[in-house]
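Protein chains in written order, with the numbering used here: chain A, 91 to 377; chain B, 50 to 386; chain C, 48 to 440. For every residue, glycine included, the Cβ atom is placed at its ideal position computed from N, Cα and C. For clarity, every value in this text was computed on a predicted model and none was experimentally measured. Single-structure report; data block below.
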Amino acid sequence: MQTILSIGIDAFAYGMALFIICIGLSLTMGLMRVVNLAHGAFAMIAGYIASYAARDLGLGYAIAIFLAIIGTIILSIPLERFLFRRIYGSSELTQVLMTIGITFCVIGITNYFFGPTLKTIPLPESLAQPVDVGFKTIAAHRLFVMTCGLVVAAGLWYLIERTAFGIRLRATVDNAAMADALGVRTQVVYAVSFAIAIGLAAFGGVVGAEFLPIEPYYALRYMVTFLVVVSVGGAGSILGAVIACLVLGAVDTTGRYLMPEFGNFFFYAAVIAIVCIFPRGFFGKAQ
Amino acid sequence: MPTMAQTEKLAAAPIPGSRAVRDVVGVILIIAAGLAGFWLFPDNLALLTRVIAVALLVLSIDLVVGYCGVATLGQAALFGAGAYAAGIACVNGVTEPLTLILIGAVAGAVAGLLMGTIMLRAHGLAQLVLSIAIVQLFHEAANKASAYTGGSDGLAGLMVGPLFGVFEFDLWGQTAYLFGLALLVVIFIVLKFVVSSPFGMLCRGIKEDPIRIGAMGAFVFPVLLKMFVISGAVAGIGGALAAISTQVVGLDSLSFELSANALVMLVLGGLGSLYGALVGTVIFMGFEHVVSAINPFHWMTMVGALLIAVVLAAPGGLSGLADRVLPSRQRNRGGRA
Amino acid sequence: MPSMKKLLSAAAGVLLAGSVSAAADTIRVGIIGPFSGPFALQGKNFQAGVEAYMALNGKSVKGHDIEVIYRDLPAANPAQSRALAQELVVKEKVQYLGGVYFTPDALAITPLLKQANTPLVIFNAATSAIMNQSPLVVRTSFTTAQTTTPLGKIATDRGVKKVISAVSDYGPGVDAEAAFKKSFEAAGGQVVETIRMPLNTTDFSPIMQRVRDSGAEAVFAFLPSGPTTLGFVKAYNETGLKQAGIKFFAPGDLTQESDLPALGEGALGLLTTFHYAVSHDSPENKRFVEAATKAIGSPEQLSFPSVGAYDGMHVIYKMIEATDGKQDAQKAVDAVKGLAWTSPRGPVSIDSETRHVTQNIYLREVVKGPDGKLINKEIETFPNQKDPGLATQ
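Structure, rendered in structure tokens:
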């Protein structure tokens, strides 16, 4: 029983970390219809900024997260303006070509300036402590990640379903030309949603750095994981992404506990089974 | 090679409709380019042989992506199946090169049948993810079965016999290169017939509008599956060629990275035309080789910049062709048929 | 094609004859390593080792100038490895090949050596079996079995009777597991469970849960350097295994110096065995570290591949000396069999049977150095270790 509980809590923490990193990509792919393979690159940039702020400048963790999100969004503005705007509405493969190109460039540049070594983001004392939760000791940081995941999910749901901006966003997604004609400034809607997606990537990159450590090849190394999560959940669906992350986190964690040597088999077999049963993901919209 | 595509267009322009003439010219140009490579770069034949093996992989992706509209990021599963089948056969005493190629083709085709059966159940993003999951499973299986495959240390000790009992696969790699070139040309000609046959037309039709083709009375699934099998055989031959010429098979031949790189080469060269697959492969690998020799620390940035530049500078050219991949987009954008 | 081949080899022969007769000729050495990609740091260390050796020992041997040509092979890719080796031999006319980080890449080169009449000096690739593929291979690095074996005795000496082994599921990991199991059981210990973890594992808490459930007194681990090692060590600390007194043993790949800053305080007290620590206390090492740091730029990036490259260049220099610049691979290899010298890592020699390096293996503990940075401090020496993987064959 103890073992089941502790596997459960590990799975939940891992799933929530995945969720925070992937939800931005799910929004870009589902709402903006852009296959942004450079998503991980933005998460990594944020990780580098946070690492620099917290480790080299000695700023606090919260400030580092804030700076990383703002910094990454600022960096992404010229990219959105000059590169991404050209591929809205292009075919998926064109988008793949462009965003892989961007990823390669980011990796090359990061590697050149910061070297290939891992960058850590020092945690504040309160998050670095192991906490005894009764049946096992768990890093306080993991509890923090779980909370963050739930907050992000709730916040996004509110934003998209309950605010005026959410209404405009959904209108733009359903029919951009019609929304435009009705006075929705679709360019602005796109730009803001792009910024939100990048901000989420940045937040996920920093908060999830304890699970997926920051290094130049981050974007390529975890690209498959991100794509799998988004497609299993259904692109653009927040609830779908939450469920996908929890299910995949549970499969992964349990598999690694019970039969680590076949961990990957479990994971990918589960992916194949889920995708075959739910071809659009758990809560994907019909295209 | 780039000039080849241009010349091909020129040759086509004045006499539209005479596709046979165009294809004969195209094949002659490929042979000419291949032989030119042989004489111009006699010291780099191992690299050129590698280019040919990858070109076969890219051609096989073109068959499913470019002609059937099936998105895949897992084609290396078929390439690696061919490579490992040939490699394992060779270690166990089958050393005749043509037999090994045949074994590779059969293994690739069987893997293609399996992969197609699973992948064709889904569409779009889900299909892409299925292909990734399959290639990862293949990779994992090869890693696990290290008694047969050598695992991550690679399958070494392939002693390939001489071609036709005469020509050795040696340090200079002339046999391997010319053998590869001959294979490429033969396969290219066969594929030209396949894609212009009624079966090939049906595939294109399915890519444009599967529902309409279904309504016309054709069965979509078996047609696509057949193309998958052909594609698997081509990829398997590429893998077997790589195994024969390298004498080692590594896990990299079953990797997601190889699949993704090959897809990028294809999109770079242009989808849905067999020439595009060849041009993309030669440009990408040539560029990578030159840039990484000049400055190994920067080649990734340069390759990235090249990809971005292609999307920005040739939206009508390459991405115009790319638009044909997804039928749903096709109608909005009105791309060339 | 045979006529073509003869023509080429004849041409190569003429070129060589010409070059040998000249007084001040240039001998080219081709180095293949990962100079870009995720393992670029290891390639940089190759280069630093080579440059350090040439800076300290001159750029010529017996009047033959040495020119080094680097080729980039970012990841394990045998086809590319073969293409690069062929290009170096046929086009660049190198007389010696060196470097090679990954085992499959080395295996792709070995079939070429005889025909190319070129020895291969391996600076890293650490699988025992490579040496059996060709008599023209010499290795100056280590094998996983060689660095791991002393751990069996170390563990029992510390009163540990039950160990759980957790290794990454790939060639070197499996080698490490086998070597540890053998030596630990020979010393009277018991490996209660062996876990093989997928290479792409990032969250190690379920593994730690298993370690805890197994009731073992210590964990033996082997993972590739980088994110996986970081994640593993982190999980070991966070899940309270360290506080619970479960000991941690591993080969030194896990605590290589370039990773220590990222591992941070959590790495303190880890016990690892390896052939080289940058902190090794000897005049030879002092000279080496100074020269290599200059070559690599920043002192934090220096780690073990540099010493493999440094000694590899020593072997190549000796080969050139023995053959006086003539291309004779067999004679060159024969000349270094049994060669012994004092390397920055301590006394080493080339075993004349296996052509693999015989060397001291050190037990090290991660501690804070005098300047507050983490170092591997050598606390015990196991002298003259051969490769058990090859010795048993």
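Next on the checklist: Using the Cβ count rule (16 or more neighbours within 10 Å means buried), how would you classify B/V339?
Outcome noted: B/V339 comes out exposed.
Next on the checklist: For C/L310 and C/L277, I'd like the C-alpha separation in whole angstroms.
Outcome noted: C/L310 and C/L277: Cα-Cα distance of roughly 6 angstroms.
Item to check | Interface flag, B/L186 vs chain A, CB-CB below 8 angstroms | outcome: Against chain A, the CB of B/L186 has a partner CB under 8 angstroms away; the residue lies at that interface.
Item to check | Assumed close pair C/F170, C/F82 - CB separation to whole angstroms, cut-off 8 angstroms | outcome: Not a contact, Cβ separation roughly 13 angstroms.
Checklist entry - Does any residue of chain A bring its CB to less than 8 angstroms from the CB of B/L174? => result It does: the Cβ of B/L174 has a partner Cβ on chain A nearer than 8 angstroms.
Checklist entry - Using Cβ-Cβ distances below 9 angstroms, what residues of the region 122 to 143 of chain C are close to chain B? => result Listed by position along the chain: A122, A123, N124, P125, A126, Q127, S128, R129, A130, L131, A132, Q133, E134, V136, V137, K138, E139.
Item to check | Cβ-Cβ separation, C/A314 to C/A268 (assumed contact under 8 angstroms), whole Å | outcome: With a beta-carbon spacing of about 12 angstroms, C/A268 and C/A314 fall beyond the 8 angstroms limit used to define contacts.
Item to check | Straight-line gap, A/S283 to A/N265 (C-alpha atoms, nearest Å) | outcome: Roughly 16 angstroms separates the two Cα atoms.
Item to check | Local conformation of C/E331 per DSSP, three classes | outcome: Three-state DSSP puts C/E331 in a helix.
Next on the checklist: When you compare the CB positions of A/F102 and A/G330, do they come within less than 8 angstroms of one another, or not?
Outcome noted: Cβ distance not < 8 angstroms, so A/F102 and A/G330 don't count as in contact.
Item to check | Per-residue contacts from C/L277 into chain A (C-beta, under 8 angstroms) | outcome: Residues of chain A passing the Cβ test: L208, T210, P303.
Next on the checklist: Within 8 angstroms of any Cβ in chain B, is that where the Cβ of A/C112 sits?
Outcome noted: No, because no Cβ of chain B sits closer than 8 angstroms to the Cβ of A/C112.
Checklist entry - Per DSSP, which one or two residues make a beta bridge with C/G77? => result According to DSSP, which records beta bridges pairwise, C/G77 is partnered with C/I116, C/L144.
Item to check | Contact with chain A by B/T350, beta-carbon distance below 8 angstroms | outcome: Residue-level contact by beta carbon holds for B/T350 and chain A, with a gap shorter than 8 angstroms.
Checklist entry - Just how far apart, CA to CA, sit C/F429 and C/A192? => result Computed Cα separation, rounded: 14 angstroms.
Item to check | Within chain B, partners of C/Y217 - CB distance below 8 angstroms | outcome: For a Cβ distance threshold of 8 angstroms, residue set N192, G200, S201 of chain B lies close to C/Y217, ordered along the chain.
Next on the checklist: Extract the residue ranges of the alpha helix (DSSP H) inside the region 368 to 427 of chain C, only unbroken runs of 4 or more that lie entirely within it.
Outcome noted: As far as the region 368 to 427 of chain C is concerned, its whole alpha helix (DSSP H) runs of at least 4 residues are 376 to 383.
Item to check | Distance, C/I363 Cα to C/A69 Cα | outcome: Bear in mind that a pLDDT of 42 at C/A69, under 50, signals an unreliable position, so the number given afterwards is only what the model happens to contain. So the two alpha carbons sit approximately 21 angstroms from each other.
Checklist entry - Among A/V320, A/T207, A/W247, A/V274, which residue has its Cα nearest to the Cα of C/K91? => result Comparing Cα positions, the closest option is A/T207.
Checklist entry - Along chain B, in chain order, which residues have C-beta atoms closer than 8 angstroms to that of A/C366? => result One finds I167, R170, A171, L179 in chain B with Cβ atoms closer than 8 angstroms to the Cβ of A/C366, taken in chain order.
Next on the checklist: Any contact between the region 255 to 273 of chain C and the region 366 to 374 of chain A? By contact I mean 3 or more CB pairs, one from each, below 8 angstroms.
Outcome noted: Result no; under three Cβ-Cβ pairs closer than 8 angstroms.
Checklist entry - With 8 angstroms set as the bound, which would you pick, yes or no: does the beta-carbon of C/P435 sit closer than that to a beta-carbon of chain B? => result No, C/P435 does not count as interfacial toward chain B.
Checklist entry - Considering only C-alpha positions, which residue in the set C/P182, C/P219, C/D72 is nearest to C/A379? => result Nearest in C-alpha terms to C/A379, of all of C/P182, C/P219, C/D72, is C/P182.
Item to check | For B/F270, the first and last residue of its enclosing beta strand (DSSP E) | outcome: Premise fails: B/F270 lies in the alpha helix (DSSP H), 269 to 295, not in any beta strand (DSSP E).
Item to check | Inter-residue Cα distance where the pair is A/Y347 and C/P253 | outcome: In this structure, the alpha-carbon of A/Y347 lies about 5 angstroms from that of C/P253.
Checklist entry - With DSSP run on the structure shown, which of helix, strand or coil describes C/Q237? => result In the structure shown, the three-state DSSP call for C/Q237 is strand.
Next on the checklist: Quick test of the definition: if touching needs 3 or more C-beta pairs under 8 angstroms, does the region 347 to 356 of chain A touch the region 238 to 245 of chain C?
Outcome noted: At 8 angstroms Cβ cutoff, the stretches touch.
Checklist entry - Taking Cβ-Cβ distances shorter than 8 angstroms, what residues in chain A pair up with B/F305? => result Those are V314, listed as they occur along chain A.
Checklist entry - Roughly how many whole angstroms lie between the Cα atoms of B/L169 and B/Q124? => result So the two alpha carbons sit approximately 14 angstroms from each other.
Next on the checklist: Under 8 angstroms, Cβ to Cβ, is there at least one residue of chain A near B/I357?
Outcome noted: Chain A, which has a Cβ nearer than 8 angstroms to the Cβ of B/I357, makes this yes.
Item to check | Distance between beta carbons of C/G385 and C/N407, contact taken as under 8 angstroms | outcome: Between C/G385 and C/N407 the Cβ distance is about 18 angstroms, and since that is not below 8 angstroms, they are no contact.
Next on the checklist: I'd like to know if the region 144 to 155 of chain C and the region 229 to 241 of chain B are in contact, where contact means that at least 3 CB-CB pairs between them fall below 8 angstroms.
Outcome noted: No: the two stretches stay apart, fewer than three of their Cβ pairs being nearer than 8 angstroms.
Checklist entry - Taking Cβ to Cβ, would you say B/F277 is nearer than 8 angstroms to B/G161? => result In this structure, B/F277 sits near B/G161, with a CB-CB distance shorter than 8 angstroms.
Item to check | chain C contact for A/P350 (CB, 8 angstroms cutoff) | outcome: Chain C contact via Cβ: present.
Item to check | Separation of C/T203 from C/T187, as counted between CA atoms | outcome: Answer to the nearest angstrom: the Cα atoms are 30 angstroms apart.
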